[in-house]
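In our numbering, the protein residues as written are 661 to 781. Structure first, commentary second.
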C-alpha cells in the first residue's frame, strides 16, 4: 500500500484545474460546510451549461473532485445539475471514504446551482 494519499488523477486535477475561476455574469452559489468553502458560477443558453467554474477552499481531493464535476457537467443540460450526486465523483475519482462528507458539499453546491437556474425560468 502506498503512503501517498493522492492518486495520479487527483494530483493532475488538483495541479491544473481548467475550470478554476468565475463565469462572468453567471448564476452563482456559495456553500460552506465540512471545512470546505465552495463557490460555483455558471452560464447557460438554450438549456445547456456553457461555462461552469469554481473557487474551492479545501483539501486536494475537494479541489480535484470539483474540477472533475465541472468538466463532466459543462456542455450538458442544466437539468443535470439537480440530478448530480456525490457518487458520480466517488465512482470516478479515488477519494477516501472518510472524505465523503466533503464530497457531499460539492453535491449540495451543484444541486443548489441547478435550483438557481430552475428558479430563474
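All C-beta atoms in this analysis are idealised placements derived from N, C-alpha and C, irrespective of residue type, glycine included.
| Check | Outcome |
| --- | --- |
| Can you tell which of 773, 749, 740 and 772 has its C-alpha closest to the C-alpha of residue 762? | 749 |
| Using DSSP bridges, identify the partner residues of residue 815. | No information on residue 815 is available, as it lies outside the stretch 661 to 781 that the chain covers here. |
| For residue 726, count neighbouring C-beta atoms within 10 Å of its own C-beta (all shown protein chains included) and say buried if the count is 16 or more, exposed if not. | buried |
| Roughly how far, in whole angstroms, is the beta-carbon of residue 696 from the beta-carbon of residue 765, given that I think they are within contact range, below 8 Å? | 5 Å |
| Closer than 8 Å by C-beta to residue 770: which residues in its own chain qualify, once you throw out the five before and the five after it? Chain order, please. | 700, 729, 733, 741 and 744 |
| Decide if residue 713 is buried, meaning its Cβ has at least 16 other Cβ atoms within 10 Å, or exposed. | buried |
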